[in-house]
Amino acid sequence: MPKMKTKSSAKKRFKLTGSGKIKRKHAFKSHILTKKSKKRKLRLTHSTLVHESDVNSIKEQLRLK
Numbered sequence: 063m064p065k066m067k068t069k070s071s072a073k074k075r076f077k078l079t080g081s082g083k084i085k086r087k088h089a090f091k092s093h094i095l096t097k098k099s100k101k102r103k104l105r106l107t108h109s110t111l112v113h114e115s116d117v118n119s120i121k122e123q124l125r126l127k
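Numbering (my numbering), first residue to last: 63 to 127.
Laid out in C-alpha cells, this is it:
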C-alpha cells in the first residue's frame with residue numbers, strides 16, 4: 063500500500079505548535095490595503111490558533127489523525 067499523502071494546500075497554510083495546537087495566519091492582508099486602518103492591518107499581521115471546531119478536519123488533511 064502506498065503512503066497517504068497530506069493535502070498540499072493544508073501543509074502550506076498551517077503549522078503545529080510545540081504543544082500540538084494548530085497555528086494559522088489571518089486573511090485579508092494581501093492586497094487592497096489602502097482602505098484598511100493601520101490598527102486593523104497590524105492585528106491581521108499576527109498569527110492565531112485554529113478554532114477547536116475546525117481542528118479535526120485540519121488534522122485529517124495533515125494526516126495527523
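Even for Gly, the Cβ is constructed at its ideal location relative to N, Cα and C.
Inset, instruction - Tell me whether Thr110 sits in a helix, a strand or coil according to DSSP, three-state version. - result: For the purposes of this step, residue 110 is identified with residue 48 of the sequence shown, where counting begins at 1. Residue state, collapsed to three classes: strand.
Inset, instruction - Classify Leu124 as helix, strand or coil using the three-state DSSP reduction. - result: In the sequence shown, counting from the first residue as 1, residue 124 sits at position 62. In the three-state DSSP reduction, Leu124 falls in the coil class, being neither helix nor strand.
Legend entry - Boundaries (first-last residue) of the alpha helix (DSSP H) holding Lys74: Reading the sequence shown from its first residue, position 12 is the one you call residue 74. For Lys74, the enclosing alpha helix (DSSP H) has its first and last residue at Ser70 to Arg75.
Inset, instruction - Pull up the DSSP beta-bridge partners for Leu95, would you. - result: To locate residue 95, count along the sequence shown from 1; it is residue 33. Per DSSP, none; premise fails for Leu95.
Legend entry - Beta-carbon gap between Thr68 and Leu111 smaller than 8 Å: Residue mapping note: residue 68 aligns to position 6 of the sequence shown, counting from 1. Residue mapping note: residue 111 aligns to position 49 of the sequence shown, counting from 1. Taking 8 Å as the cut-off, the Cβ atoms of Thr68 and Leu111 do not count as close.
Legend entry - Simplified DSSP state of Lys85, which is helix, strand or coil: Numbered from its first residue, the sequence shown carries residue 85 at position 23. Reduced to three states, the DSSP call for Lys85 is strand.
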